[in-house]
Ligand SMILES: NC(=O)c1ccc[n+]([C@@H]2O[C@H](COP(=O)([O-])OP(=O)(O)OC[C@H]3O[C@@H](n4cnc5c(N)ncnc54)[C@H](O)[C@@H]3O)[C@@H](O)[C@H]2O)c1
Ligand SMILES: [Zn+2]
Ligand SMILES: [Zn+2]
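Residue numbers (the numbering used here): -19 to 376.
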């Protein structure tokens, strides 16, 4: 099969790889019809993780079931399914409590497993024609009748929609709350969408990319451009000098100052300032336990210069971590089905698998207009069709 393979920093290519097979009677095989590129893929693409070369990337996957193992009882061939990016066993202490992002058995020695992800187990990703899904009954969400019609919405259930929602849950967003969200990437925009769904009052989204801030505004939030004036000042202005009730961190350790220089503690320390005393912060942006390629000696050890004194003096709370996608995907699926949520509105590019390397390059450079890239294995984009026609013409 064709798959997008990681060959080293900024080097991904579509290669011929062995087809996945049923390995355990609980496995399901899925023909991938939509799979996304995520901000989390970029940490690997940038060479900022210990991702092994030769592995297939892709953890935001949706497709059609083509084979099921003997022990699979619920999921059937022909079902359209969306898989949470985390792989859970369903029977460990954490999975039983709904904490499937921290499964204790799928990646022994570490709490948490995922497809095509550094440090999250040996599982291949789904930026490919086919994907093996372990414990298929547990990990496949069977989609409703309108699965094909709303495929570009449902695919967001694999990660960014539940992750955005998780940010608001970790922050404890309640109806009427004012919320400041750092990051207007796909995750921040989904946090904004989720805060809206939860009935938050004022929602402010901080970034310095005009195109992404425009999307935030279209989602009914107040865009805060930190390149124009310090974000904290702008948030305080919007909240009578008190700060927002809740804060969401949706950027992670590769956050930058207004000159584009990475400084891993910016968003966390700004959130301490921009959120009110006794407020709470949900952190879904990724921070890692070591980052040897960082220029910051603290960050190299996975540490940061965090303003803990002010955080404590203000009596604040914070919660962090990977989203437990399965805790939310069924309810969020129903919202999509009932037209109460439309996560596909942030999609900027729909490409074929062949065009994925190009998609990575543009998304990584945060080129204007490249907000969320989805890939359609098995389909060719107009551009790749055109290129193929040109190649044919040359050959003739
Ligand atoms: N916890 C989880 O389960 C989970 C799941 C998916 C993604 N993530 C993580 O969430 C983060 C965001 O993902 P994404 O796909 O939206 O990525 P992204 O890289 O597309 O978006 C990040 C955005 O943050 C902005 N930004 C940079 N510095 C900033 C600053 N100082 N202040 C405000 N904004 C700033 C960038 O301009 C960009 O628009 C990443 O770290 C990703 O790995 C976590
Ligand atoms: Zn993702
Ligand atoms: Zn488990």
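Backbone N, C-alpha and C fix where the C-beta goes; we use that ideal spot for every residue, glycine too.
A direct Cα-Cα distance of roughly 31 Å separates residue 354 from residue 251.
A buried status is given to residue 350, since no fewer than 16 other beta-carbon atoms sit within 10 Å of its beta-carbon. Across the structure, residue 360 and residue 37 are spaced so that their CA atoms are roughly 19 Å apart. By the criterion of a C-beta distance shorter than 8 Å, residue 176 is surrounded in its chain by 183, 199, 200 and 201, once the five residues flanking it on both sides are discounted. Between ligand 1 and the CB of residue 354, the shortest heavy atom gap is not smaller than 7 Å. Judged by DSSP secondary structure, residue 329 falls within the beta strand (DSSP E) whose first and last residues are 329 to 332. For residue 211, the enclosing alpha helix (DSSP H) stretches over residues 211 to 218. Across the set 139, 223 and 313, the C-alpha of 139 shows the shortest separation from the C-alpha of residue 41. Listed in chain order, the non-local C-beta contacts of residue 133 below 8 Å within the same chain comprise 316, 321, 322, 323 and 324, local neighbours out to five positions each way being set aside. DSSP places residue 248 in no beta strand (DSSP E) but in the uninterrupted alpha helix (DSSP H) bounded by 246 to 254. Within the stretch 99 to 139, the runs of beta strand (DSSP E) that reach at least 3 residues and sit entirely inside it are, in chain order, 110 to 113.
Between residue 168 and the set 155, 142, 156 and 8, the nearest pair of CA atoms involves 142. In this chain, residue 187 is not harboured by any alpha helix (DSSP H); it is covered by the beta strand (DSSP E) spanning 183 to 187. DSSP places residue 203 inside the beta strand (DSSP E), whose first and last residues are 202 to 205. When distances are taken from the beta-carbon of residue 283 to the heavy atoms of ligand 2, even the shortest one reaches 7 Å or more.
Residue side-chain check: residue 118 keeps its Cβ at 7 Å or more from all non-hydrogen atoms of ligand 2. Not one heavy atom of ligand 3 falls within 7 Å of the beta-carbon of residue 100. In the structure shown, residue 93 falls within a coil segment according to DSSP collapsed to helix, strand and coil. With a cutoff of 8 Å on beta-carbon distance, residue 109 and residue 301 are scored as not near each other.
The stretch 143 to 163 makes no contact with the stretch 122 to 133; the number of CB pairs closer than 8 Å stays below 3.
Per the DSSP secondary-structure output, residue 298 pairs in a beta bridge with 261.
For residue 44, the uninterrupted beta strand (DSSP E) segment begins and ends at 41 to 48. Minimum Cα-Cα distance from residue 107 among the listed residues 115, 237 and 97 corresponds to 97.
Sorting 220, 195 and 190 by C-alpha distance to the C-alpha of residue 208 places 190 at the top.
Beta-bridge pairing by DSSP links residue 61 to 43 and 122. Judged by beta-carbon spacing, residue 224 lies beyond the 8 Å limit of residue 231, meaning their Cβ atoms are not closer than that value. Leaving aside the five residues that flank residue 265 on each side, the residues in its chain whose CB is nearer than 6 Å to its CB run, in chain order, 229, 230, 231 and 232.
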